[in-house]
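In our numbering, the protein residues as written are 42 to 187.
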């Protein structure tokens, strides 16, 4: 058998397996919504959901430069990982830049969610709280001491 044909078949099979696994992961993620404050917005009443999503879009738009810097830092880290000799310090710096960008954007999103919650109804806040509890895992009831 031709070695090139075997190699091409192997590459194609790995690609197909990855595509199936990725699609399954995507479908599983879609079937389990509501595990974050951001996704909890989808459970809000229509008018509130629109305001909530608009607020989050504004944060992302305002944070565009930070998001792009984080993406560039991840590309830089990937490039460094592909080099024949690893520059650990440069890799650590690139990953730190990406992490800092992520934290900055997350902090801004959370601040906007706090502002939304401060002006929301108790029912809307309960929806947001439920999402947090699902994400963190509900705590078992506290045991009464004898």
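Here a beta-carbon is modelled for each residue, glycine too, at the ideal position from N, C-alpha and C.
- From residue 168 to residue 160, what does the alpha carbon distance come to, in whole angstroms? 14 angstroms
- Message: Judging by CA-CA distance, which residue of 117, 100, 172, 50 is the nearest neighbour of residue 156?
- Response: 100
- Item | Residue closest to residue 198, alpha-carbon to alpha-carbon, out of 165, 46, 150, 174 | Only positions 42 to 187 of the chain appear in this structure, which leaves residue 198 out of reach.
- Item | DSSP-derived helix/strand/coil call for residue 168 | helix
- Query: DSSP on residue 44, reduced to helix/strand/coil?
  - Reply: helix
- Query: Going straight from the alpha carbon of residue 120 to that of residue 108, what length do you get?
  - Reply: For residue 120 and residue 108, the gap between their C-alpha atoms comes out near 18 angstroms.
- Between 140, 55, 150, 126, which lies nearest to residue 116 when the distance is taken from Cα to Cα? Out of 140, 55, 150, 126, 140 has the C-alpha closest to the C-alpha of residue 116.
- Message: Once the 5 residues before and after residue 93 are set aside, which same chain residues still bring their CB inside 7 angstroms of it?
- Response: 82, 85, 157
- Task: Specify, as a first and last residue, the run of the alpha helix (DSSP H) that residue 94 falls within.
- Result: Here the alpha helix (DSSP H) through residue 94 covers 87 to 103.
- Message: Please return the same chain residues whose Cβ sits closer than 6 angstroms to the Cβ of residue 114, not counting the five positions on each side in sequence.
- Response: 135, 138, 139
- Please check the pair residue 127 and residue 118, which I expect to be a contact at CB under 8 angstroms, by giving their CB distance rounded to whole angstroms. Not really, about 11 angstroms apart at Cβ, beyond 8 angstroms.
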